[in-house]
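A.B. asks: The sequence shown begins at 104 in my numbering and counts up one residue at a time.
The C-beta atom is built at its ideal place from N, Cα and C for all residues, glycine as well.
Given the structure is predicted, the values throughout are model-derived calculations rather than measurements.
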Amino acid sequence: MRNIFLWASLPLVLSACQMAPIDSAKTQEPSGTSFYTMQVSPQSFSENAAVSGKVVLPITHDKQQYWLMTSEQKGLLLTDKNGVTLAQYPGDFEVLDRRADIVIANKKWDMLATVDNESGAALLIGLDWQNQAFKLLTTITHTSSIEALCLQTLPHQPDSTPNVAVIIADDQGKLTQRIMVDGQQKSLSNVLLREFVGVPQVKDCAVDDASQSLYLAEENIGIWRYAAEPEAELVRELVAVSGVHGRLKGEVTSVDTLADGRLLVATPEQHGVWYIDPKHVNEAQLIALKGTLGVESVHGLSTKQGLLVGLFDDKKGVYQQAVLPITEAIQGPVSPRFNAVLPTVQTEAVATSGDAADDPAIWHNAQAPDQSRILGTNKKRGLNVYSLKGELLQSLAVGRVNNVDVRHGFTLARKTFDIAAASNRSKRSISLFAIEPHTGEVSYLQDVATDLNDVYGLCMAHINNQYYVFVNDTDGHFEQYQLEGKDSQIKGKLVRQFKVASQPEGCVVDDEYAQLYFGEEAKGIWQVDATVSKALPRLIAPLNKDFVADVEGMGIYHLDKKRYLVASSQGNNSYGVFALDDRNRYLGSFTIDMNLPANIDGVSETDGLEISSLSFGDAFPNGLMVAQDGRNIMPTLNQNFKLVDATQIAQIIRNWL
Numbered sequence: 104m105r106n107i108f109l110w111a112s113l114p115l116v117l118s119a120c121q122m123a124p125i126d127s128a129k130t131q132e133p134s135g136t137s138f139y140t141m142q143v144s145p146q147s148f149s150e151n152a153a154v155s156g157k158v159v160l161p162i163t164h165d166k167q168q169y170w171l172m173t174s175e176q177k178g179l180l181l182t183d184k185n186g187v188t189l190a191q192y193p194g195d196f197e198v199l200d201r202r203a204d205i206v207i208a209n210k211k212w213d214m215l216a217t218v219d220n221e222s223g224a225a226l227l228i229g230l231d232w233q234n235q236a237f238k239l240l241t242t243i244t245h246t247s248s249i250e251a252l253c254l255q256t257l258p259h260q261p262d263s264t265p266n267v268a269v270i271i272a273d274d275q276g277k278l279t280q281r282i283m284v285d286g287q288q289k290s291l292s293n294v295l296l297r298e299f300v301g302v303p304q305v306k307d308c309a310v311d312d313a314s315q316s317l318y319l320a321e322e323n324i325g326i327w328r329y330a331a332e333p334e335a336e337l338v339r340e341l342v343a344v345s346g347v348h349g350r351l352k353g354e355v356t357s358v359d360t361l362a363d364g365r366l367l368v369a370t371p372e373q374h375g376v377w378y379i380d381p382k383h384v385n386e387a388q389l390i391a392l393k394g395t396l397g398v399e400s401v402h403g404l405s406t407k408q409g410l411l412v413g414l415f416d417d418k419k420g421v422y423q424q425a426v427l428p429i430t431e432a433i434q435g436p437v438s439p440r441f442n443a444v445l446p447t448v449q450t451e452a453v454a455t456s457g458d459a460a461d462d463p464a465i466w467h468n469a470q471a472p473d474q475s476r477i478l479g480t481n482k483k484r485g486l487n488v489y490s491l492k493g494e495l496l497q498s499l500a501v502g503r504v505n506n507v508d509v510r511h512g513f514t515l516a517r518k519t520f521d522i523a524a525a526s527n528r529s530k531r532s533i534s535l536f537a538i539e540p541h542t543g544e545v546s547y548l549q550d551v552a553t554d555l556n557d558v559y560g561l562c563m564a565h566i567n568n569q570y571y572v573f574v575n576d577t578d579g580h581f582e583q584y585q586l587e588g589k590d591s592q593i594k595g596k597l598v599r600q601f602k603v604a605s606q607p608e609g610c611v612v613d614d615e616y617a618q619l620y621f622g623e624e625a626k627g628i629w630q631v632d633a634t635v636s637k638a639l640p641r642l643i644a645p646l647n648k649d650f651v652a653d654v655e656g657m658g659i660y661h662l663d664k665k666r667y668l669v670a671s672s673q674g675n676n677s678y679g680v681f682a683l684d685d686r687n688r689y690l691g692s693f694t695i696d697m698n699l700p701a702n703i704d705g706v707s708e709t710d711g712l713e714i715s716s717l718s719f720g721d722a723f724p725n726g727l728m729v730a731q732d733g734r735n736i737m738p739t740l741n742q743n744f745k746l747v748d749a750t751q752i753a754q755i756i757r758n759w760l
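(1) Could you please give me the residues that DSSP links to residue 65 through a beta bridge?
(2) Take residue 135 and list the residues in its own chain whose beta-carbon comes closer than 7 Å to its own, dropping the five residues that flank it on each side.
(3) Roughly how many angstroms lie between the CA atoms of residue 745 and residue 671, to the nearest whole one?
(4) Indicate the three-state DSSP secondary structure (helix, strand or coil) for residue 461 in the structure shown.
(5) Going by DSSP in three states, residue 735 sits in which element: helix, strand or coil?
(6) Determine which residues share a DSSP beta bridge with residue 290 and list them.
(7) Could you compute how far the alpha carbon of residue 217 sits from the alpha carbon of residue 510?
(8) Alpha carbon to alpha carbon, how far is residue 733 from residue 616? Give it in angstroms, no decimals.
(9) Taking 8 Å as the cut-off, does the segment 713-730 touch the segment 412-432 (at least 3 CB pairs, one atom from each stretch)?
(10) DSSP three-state label for residue 261, please.
(11) Can you tell me which of 541, 397 and 483 puts its alpha carbon nearest to the alpha carbon of residue 502?
(12) Note down the Cα distance separating residue 578 from residue 532, rounded to an integer number of angstroms.
(13) Looking only at its chain, what residues have a beta carbon closer than 6 Å to the beta carbon of residue 126, apart from the 5 residues adjacent to it on each side?
(14) First and last residue of the beta strand (DSSP E) that includes residue 514?
(15) Go ahead and pull the three-state DSSP assignment for residue 531.
(16) Do residue 638 and residue 572 have their C-beta atoms closer together than 9 Å?
(17) Identify whether residue 384 lies in helix, strand or coil by the three-state DSSP scheme.
(18) Would you mind sorting residue 648 into buried or exposed? The rule is 16 or more other CB atoms within 10 Å of its CB.
(19) Please check the pair residue 751 and residue 463, which I expect to be a contact at CB under 8 Å, by giving their CB distance rounded to whole angstroms.
(20) Could you tell me which of 196, 164 and 169 sits nearest to residue 154, measuring between CA atoms?
(21) Do you know offhand how far residue 654's Cα is from residue 623's?
(22) Which residues mark the beginning and the end of the alpha helix (DSSP H) in which residue 756 is found?
(23) Who are the near neighbours of residue 499 in its chain, counting only those whose CB is closer than 7 Å to its CB and skipping five residues on each side?
(24) By how many angstroms is the C-alpha of residue 592 removed from the C-alpha of residue 727?
(25) For residue 161, does the three-state DSSP call read helix, strand or coil?
(26) Using three-state DSSP, classify residue 487 as helix, strand or coil.
(27) Check the DSSP bridge columns for residue 573 and list the partner residues they point to.
(28) Out of curiosity, what's the CA-to-CA distance linking residue 688 and residue 643?
(29) In the DSSP assignment, find the unbroken beta strand (DSSP E) run with residue 549 in it and report its ends.
(30) Taking all protein chains shown into account, decide if residue 347 is buried (16 or more other Cβ within 10 angstroms of its Cβ) or exposed.
(31) Quick check on residue 306: buried or exposed, where buried means 16 or more other Cβ atoms within 10 Å of its Cβ?
(32) In angstroms with no decimal places, state the Cα-to-Cα distance between residue 206 and residue 291.
(33) Look up residue 743 in the DSSP assignment and say whether it is helix, strand or coil.
(34) Out of 526, 379 and 282, state which residue places its alpha-carbon closest to the alpha-carbon of residue 332.
(35) State the DSSP-derived secondary structure class of residue 424, mapped to helix, strand or coil.
(36) Along the beta strand (DSSP E) that carries residue 657, what are the first and last residues, could you check?
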């Protein structure tokens with residue numbers, strides 16, 4: 104798991120399309136080439152032009168055009184296209200963002216987010232078009248001063264209602280993301296998703312829902328882009344630069360996302376607004392606003408006549424409007440690439456921070472299935488044991504164990520118990536554990552030394568009454584050990600070795616068919632005979648556009664008398680499914696999304712997983728999948744494991760077939 108911040112200085116250059124440049128000494132580059140690509144003349148509103156706010160949003164409803172305005176004296180205003188007041192909500196407001204057609208309790212609202220300058224609280228205000236009136240929906244208190252806020256529609260399946268989040272940027276340089284509308288319940292919510300590092304001098308923010316990109320305007324630096332999807336890797340990129348390294352000059356005070364994913368950016372000292380395609384920043388255009396003194400905010404709406412923009416000139420203290428000769432290629436809603444299942448239980452977080460939790464195994468209690476156990480590795484400390492409710496029952500500090508697996512019915516010194524094995528990086532060994540068959544109590548037995556320098560992945564096999572452990576090294580080496588009970592000790596006999604070209608990790612053995620499946624992280628999935636033989640592995644599932652690196656954990660699920668290999672595709676937070684009885688055919692991938700009513704976040708960057716088709720009682724009657732969660736949020740905690748009712752996975756597989 105990685106937290107990466109990307110820093111860049113990306114110069115902005117002129118568009119090839121030059122229109123009506125302005126001849127002014129202030130706007131000349133040293134070379135003499137004008138900054139401006141076109142110029143427009145803004146017009147004032149007939150009413151409410153000088154209400155001293157900051158934001159004026161052009162919007163449409165039922166094919167009619169309106170404006171939303173913030174005002175320090177009049178509050179929040181809905182006006183007609185000329186600025187005539189139609190509805191008012193009292194208060195002292197400046198910032199504003201909007202999402203249309205949000206369903207709450209079977210009523211459709213336009214949702215508006217703003218900040219009450221008197222109390223410092225964020226407000227969500229509903230615009231009821233039927234009555235053409237505002238209504239306070241909820242208030243969000245924040246411990247620090249709110250400098251900017253923006254709304255976000257989270258990704259959702261085509262037949263579902265989206266969750267809506269608010270992102271708050273404060274004066275401490277912190278970003279806070281909260282779900283405020285539960286799409287599944289169609290109700291207001293207030294669930295903290297995550298808090299993360301923002302910028303110290305934030306002036307504005309905006310989210311492009313289609314690309315799930317969060318843009319922040321930092322006063323003297325430029326425009327930053329973050330991944331806004333809460334399960335995404337924490338990465339930021341500087342996409343437009345102010346000062347000596349970029350074309351933006353002076354303060355950067357406003358950013359707005361357009362329907363085609365492009366940006367409008369205000370830089371008051373340049374007497375214009377920037378039109379920027381984040382994918383082609385070198386083609387950014389500065390559009391002159393004739394007669395303005397210092398446009399502090401700009402927000403746009405695509406119309407047949409061009410891009411209608413609402414402007415606030417802070418120097419003049421007036422709202423203005425203009426039509427830019429720009430045509431947008433409006434994007435439709437982007438649906439997720441994969442089907443989704445929801446977790447119903449999560450384990451307690453591991454005790455250590457960072458990339459700690461790694462691989463789970465499932466121990467099935469045949470006498471009392473609901474008393475089965477989850478064994479999960481904390482690769483910084485040891486082995487944890489959880490109940491099916493996610494409770495931590497045991498923690499065995501045996502070293503940096505990475506992967507774990509379980510088999511039943513091992514006999515040692517005339518005593519029969521179930522056995523677990525884990526790869527121990529502290530000792531370069533295989534750590535062995537006994538599981539009491541009736542209670543699930545786990546106890547450490549001993550270690551079996553290996554010849555590997557950096558033990559990594561591991562899985563077990565029980566074939567022809569023999570117990571085996573497969574363990575691999577980060578350099579690609581595999582070793583197969585046969586476990587034999589001798590008096591009161593277990594001997595590990597090295598019976599086989601082989602190698603792949605690059606780093607492997609996750610593996611699973613189908614005992615009935617005596618086949619080992621393992622992942623080479625950067626290449627795909629391999630299959631090889633699991634008995635003691637000289638057979639060489641063959642690649643059965645290379646990476647593709649959906650099943651991508653890194654290939655990590657894997658397990659075998661039995662459904663309708665057929666076998667399906669499930670493997671985590673860490674690079675895109677998904678799980679590929681392969682039909683083993685149909686020439687290992689790739690069927691598709693699914694994700695594990697957040698279960699907001701249960702207050703369980705989705706799963707991302709999975710290292711290890713396990714899946715079983717056995718019954719685990721009422722909670723998991725048709726089997727269970729357990730996946731390590733690389734980013735445990737809602738709120739942000741140390742890593743943990745998520746439990747999924749396999750009934751959902753069975754339905755997806757049957758739909759594919």
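C.D. replies: Let me lay it out:
(1) No statement about residue 65 is possible, as the shown extent of the chain runs from 104 to 760 and does not include it.
(2) With a pLDDT of only 32 at residue 135, under 50, the local geometry of the prediction cannot be trusted, and no value is derived from it.
(3) 13 Å
(4) strand
(5) coil
(6) 285
(7) 57 Å
(8) 32 Å
(9) no
(10) coil
(11) 483
(12) 16 Å
(13) Confidence at residue 126 is low in this model, with a pLDDT of 32, below 50, so the placement of that residue should be treated as unreliable; the coordinate-derived value is given next. Taken in chain order, the list of residues that qualify is empty.
(14) 504-515
(15) coil
(16) no
(17) helix
(18) exposed
(19) Between residue 463 and residue 751 the Cβ distance is about 18 Å, and since that is not below 8 Å, they are no contact.
(20) 196
(21) 7 Å
(22) 749-759
(23) 485, 486, 545 and 547
(24) 33 Å
(25) strand
(26) strand
(27) 562 and 583
(28) 9 Å
(29) 545-552
(30) exposed
(31) buried
(32) 10 Å
(33) strand
(34) 282
(35) strand
(36) 654-662
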